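Under numbering that gives the first Met the number 0, the first residue of the sequence shown is numbered 0, with each subsequent residue one higher.
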Amino acid sequence: MSSSKLTILEEPIDYARPMRVIIMGTGFSGLAAAYHLSKSTENVEFVLYEKNDQVGGTWYENHYPGVACDVPAHAYQFTFVENTQWSKFYADGSELHAYLRDCAAKIGLQNKIKLEHEVIKAEWDESAGKWTVTVRDIANNKVITDLADVVISATGALNHRRDPAIEGIETFKGKIVHTAAWDLEPAGDAWKDRRVAVIGYGSSATQVAPALQPYVKSIDNYIRGKTWIYQPFVPVDQYPDGKTGNHVFTEEELKDFADKEKYKEFRYQLEDACNTFFPLTLDGSDFQNMARKGLEEAMKARLAARPDIAENLIPDFPVSCRRLTPGIGYLEALTAPNASFINTEIKRITEDGIETADGTHRPYDVIVAATGFDTSCKPRFPILGRKGMNLQDLWADYPKTYLGISQDGFPNWFQIGGPNTGIAVGPLIPMLEKQGEYVTQCIRKMQYQRIKTMAVQKKAVEAFQAYCDAYFPRTIFGKNCPSWYKNGKPDGRITGLWPGSTLHHLRVLEQPRYEDYDYTYLDGSVDDRASLLRWLGNGMTVAEVEGKPGTRAWYYPRV
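Here it is as structure tokens:
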């Protein structure tokens, strides 16, 4: 180890060196990152690039008829921007989009968000210790480059739609629309003469079908699998109309929610209740057995008029092996006189309809592709780390990360809402908040300790993958069922979920294990004793250097 002479850095120890951060995305993940940077850092300049013309991420892109959240609205929001006035127990997509726009305004991001700016490349510069990010300015039809000390990818898993790959799809002369790219009228009289096909059986299909069914001439749902359809949880002891699957809050209830203390208690109890269901995910648990029995009975009862649908729709795999499908009105829509349940394989799409493998041809005016998203997590643009390593190639089979946040070989690169950071049963938003806090802690460490590069160790990535491999066989997620948690593959690797509960995730990220990272410093090599602790500065603090009265007793708790 070298022993060169230390040169004192003429800065106070708690001076935050200037840094620039790029955040990609303005959904829940991006706004969580922006909030923590705004609240907990100084001297950090940051920008949020958003490819769409509005903030909101998936809640902006998905505006099909019936779109709604399947988590209680009061538990599907940030802790730092609370909406007490949700109109329903389960909010519509438009209300969630409005909430996210409001969050961006309240956090103060108006001048930090660049809309219609799509990141198309990111490349690490080792000598500079910075990322060069290439961005397409869509509105002005030009390409720009930006430099950042740190990049935060907050694009989420549900932003790259999966279009159906069916023979003849390009020949259809009617209208084909994906639920994530809706450009048709909302449900209403405009649909009264239309013959509609809905392909899919996930959340979007079970929402769009009952929304359109009352208005269309006919509606056929093409389903090539099985799924558990549940009536969303509404406490009927509190809300008498809870059996309908939702509740519209009354003026009196909304007035009560405006009382801060009453609302805090209501939300605390709701959050607590949402964290009670995780044992459902444990293979062979009493909770799982009870849920399976209850859901099967409920589905059969709702499909009493069509036992053939029940036979073909009720799964033989555990409850929550694939994302539980909310079904307010869905099963009832399938049994309506103008609806058909079709589980015969689609052979091809023709000029005027769909032909199934049994030779039957059915004509349609509109085909709705409720076929979900590509959740492989493979980046849609080149991300080049050390030695030109492309994350697209590295994740060609499946993503391998440390805690879903960091990737070896990609210094100063973090993710929020990345691989293995989702939850099947439990609150998601607190997890995204905690990830934003974790990344912000890392950035603060880099600022104050004059760290040039912070790169997770390969052995830490491998250790986290080993933990996932050991954990998931204990759960129902590894059973043979197609799920977006496994990118639609029945026997695929689980990359969409955190290996544990929401509360487990929060504890894991509470205190970052900085020893799982390697560092280089602005002032030289990590092996150079003289530069290693140069961040100690000139022996003083900012308060002493600035000399402002009343700022130099910060260690004493002031009433």
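Glycine is no exception: its CB is placed at the ideal position from the N, C-alpha and C atoms.
Source: prediction; values computed, not measured.
- Rounded to whole angstroms, the separation of the alpha carbons of T131 and A454 is 17 Å.
- The DSSP-derived three-state label of H360 is strand.
- Under the 8 Å Cβ criterion, the segment 320 to 331 counts as touching the segment 199 to 219, having at least three qualifying pairs.
- Between the segment 73 to 91 and the segment 253 to 267 there are three or more inter-stretch CB-CB distances shorter than 8 Å, so the stretches are counted as touching.
- Closest by C-alpha distance to T25, out of C102, F232, Q391, E543, is C102.
- V150 places its beta carbon less than 8 Å from that of N411.
- Beta-bridge analysis with DSSP links Q414 to S152.
- Closest option to V20, judged by alpha-carbon separation, among T6, I198, H35, Y513: H35.
- Approximately 7 Å separates the beta-carbon atoms of G425 and F276; this is inside 8 Å, confirming the contact.
- Taking C-alpha positions only, Y229 is separated from T170 by approximately 37 Å.
- One alpha carbon belongs to T550, the other to T540, and they sit about 11 Å apart.
- In this structure, the CA atom of V43 is about 23 Å from the CA atom of L531.
- DSSP places L508 in the uninterrupted alpha helix (DSSP H) bounded by 501 to 509.
- By the 16-neighbour rule on beta-carbons within 10 angstroms, Q448 is buried.
- Rounded to whole angstroms, H96 and A552 show a C-alpha spacing of 44 Å.
- Ranked by how close their Cα comes to the Cα of W58, the residues K38, L146, K111, A179 have A179 in first place.
- For W58, the enclosing alpha helix (DSSP H) begins and ends at 57 to 60.
- In this structure, Y75 places its C-beta atom within 8 Å of the C-beta atom of I428.
- The alpha-carbon separation between K174 and Y363 amounts to approximately 9 Å.
- For Q446 and G403, the gap between their C-alpha atoms comes out near 23 Å.
- Restricted to the segment 144 to 199, the beta strand (DSSP E) segments that are unbroken, complete and at least 3 residues in length are 149 to 152, 174 to 177, 194 to 198, listed in chain order.
- Apart from the 5 residues on each side of it in sequence, K457 sits with its Cβ closer than 6 Å to the Cβ of D407 in its chain, given in chain order.
- The C-beta distance from K225 to I313 rounds to 6 Å, short enough to meet the 8 Å contact threshold.
- Annotation for S375: N486 place their beta carbon closer than 6 Å to its own, counting only its chain and skipping 5 residues before and after.
- Contact between the segment 186 to 197 and the segment 212 to 224 is present: three or more C-beta pairs spanning the two stretches fall below 8 Å.
- Contact between V118 and M23 holds, since their C-beta atoms are separated by about 5 Å, short of 8 Å.
- The beta-carbon distance between G384 and W181, rounded to whole angstroms, is 36 Å. This is too long to meet the 8 Å contact definition.
- Contact check for K433 and T519: beta-carbon distance about 27 Å, past the 8 Å limit, so the pair fails to qualify.
- Put simply, the backbone Cα of C480 is about 10 Å away from that of V318.
- Its chain contains H177, A179, A180, F372 as the residues whose beta carbon lies nearer than 7 Å to that of R160, once the 5 sequence neighbours on both sides are disregarded; these appear in chain order.
- Comparing alpha-carbon positions, the option among L521, K399, R557 lying closest to G495 turns out to be K399.
- When only Cα atoms are considered, L146 and R223 end up about 47 Å apart.
- Between I218 and A368, the C-beta spacing is not below 8 Å.
- Judged by DSSP secondary structure, A121 falls within the beta strand (DSSP E) whose first and last residues are 116 to 124.
- When secondary structure is reduced to three states using DSSP, T452 falls in the strand class.
- Around G55, the same chain offers H96, L99 as residues with beta carbons nearer than 6 Å, after the five sequence neighbours per side are excluded.
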